Amino acid sequence: MNIDLIIQIIIGLIAAFAVYNLIHYLFVTRPGRKRLALAQRIANEAVKTSINKLVDQKSLLPFDESDFKSEDIAEVWGRGVMAFEYHLPFNKVTDSIPVFKQALADALAEYGDAHHMHAHTDQADRPAFIVTDMWQLDDRVHFDVAYLINTTTIEYVDDLKRLH
4 MNIDLIIQII IGLIAAFAVY NLIHYLFVTR PGRKRLALAQ RIANEAVKTS INKLVDQKSL
64 LPFDESDFKS EDIAEVWGRG VMAFEYHLPF NKVTDSIPVF KQALADALAE YGDAHHMHAH
124 TDQADRPAFI VTDMWQLDDR VHFDVAYLIN TTTIEYVDDL KRLH
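Quick look at the structure:
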């Protein structure tokens, strides 16, 4: 085989690989990140409003806004899952974790109702925001909230229910 032909094949493979990665980034990765960021902003607003309501109801003591953090957990569960983890200082929660979880779930459902946000599924309309898990780790209460905006997230929540 001619050395020029081998070099051309290698250059062609490298170019094809580069073009594939560029197209994948432009049409899959970047739009996916944008959708996730938008969903996180919407979920953050819902959770923040619900948390403020719980502060007003004395289920949660006032806390510094810098103590309220969120991060996406889609990297763990897969592309398209619109679920986010939040954490707050444990010493600010006045109720037990199960009672606080239910109060947060109720507040999120009320937020969804007030903003006409529901997940439309085959079974029925469901709240747009679901508290999927809550636990204490060290001095923080961690909780996951799923924003049921797409089929992938709805299936993720249904799978979690089957596991429990």
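According to our numbering, the sequence shown is numbered sequentially starting from 4. No residue lacks a Cβ here, since even glycine has one placed at the ideal position from N, Cα and C. Remember, it's a predicted structure, so these values are computed and weren't measured experimentally.
| query | Candidates Y89, Y159, R38: which alpha carbon is nearest Q139's? | reply | Reading the sequence shown from its first residue, position 136 is the one you call residue 139. Nearest to Q139 by C-alpha distance, out of Y89, Y159, R38, is Y89.
| field | Nearest residue (CA-CA) to I152, options L166, P130, P65 | value | Walking along the sequence shown from the start, residue 152 turns up at place 149. Checking every option, the nearest Cα to that of I152 belongs to P130.
| request: Evaluate contact between the region 63 to 74 and the region 86 to 102, counting only Cβ atoms and requiring at least three cross-stretch pairs below 8 Å. | output: Contact between the region 63 to 74 and the region 86 to 102 is present, because at least three Cβ pairs lie under 8 Å.
| query | T155 to H119, Cα distance in whole Å? | reply | Taking the sequence shown and counting its residues from 1, one reaches residue 155 at position 152. Taking the sequence shown and counting its residues from 1, one reaches residue 119 at position 116. T155 and H119 have their C-alpha atoms some 21 Å from each other.
| field | Among D141, T97, V148, nearest to L63 - alpha-carbon criterion | value | Residue mapping note: residue 63 aligns to position 60 of the sequence shown, counting from 1. For the set D141, T97, V148, the Cα lying nearest the Cα of L63 is the one of T97.
| said: Within a Cβ cutoff of 7 Å, which residues of the same chain sit near P65, ignoring the five residues on either side of it in sequence? | reply: For the purposes of this step, residue 65 is identified with residue 62 of the sequence shown, where counting begins at 1. For P65, where only same-chain residues beyond five positions count, the Cβ hits under 7 Å are V58.
| message | So, with DSSP's three-state summary, where would you put S99? | response | Here residue 99 is taken as the residue at index 96 of the sequence shown, counted from 1. Coil at S99, not helix or strand.
| request: Report yes or no: is there a C-beta of chain B within less than 9 Å of the C-beta of I100? | output: The structure shown contains no chain B; it is built from a single protein chain.
| First and last residue of the uninterrupted beta strand (DSSP E) at K72 | The residue given as residue 72 occupies position 69 in the sequence shown. 72 to 75 is the extent of the beta strand (DSSP E) around K72.
| Where L107 falls, given that 16 or more other Cβ within 10 Å makes a residue buried | Position 104 of the sequence shown holds residue 107. Burial call: buried.
| field | Three-state secondary structure (DSSP) of L163 | value | Numbered from 1 along the sequence shown, position 160 holds the residue referred to as residue 163. Helix.
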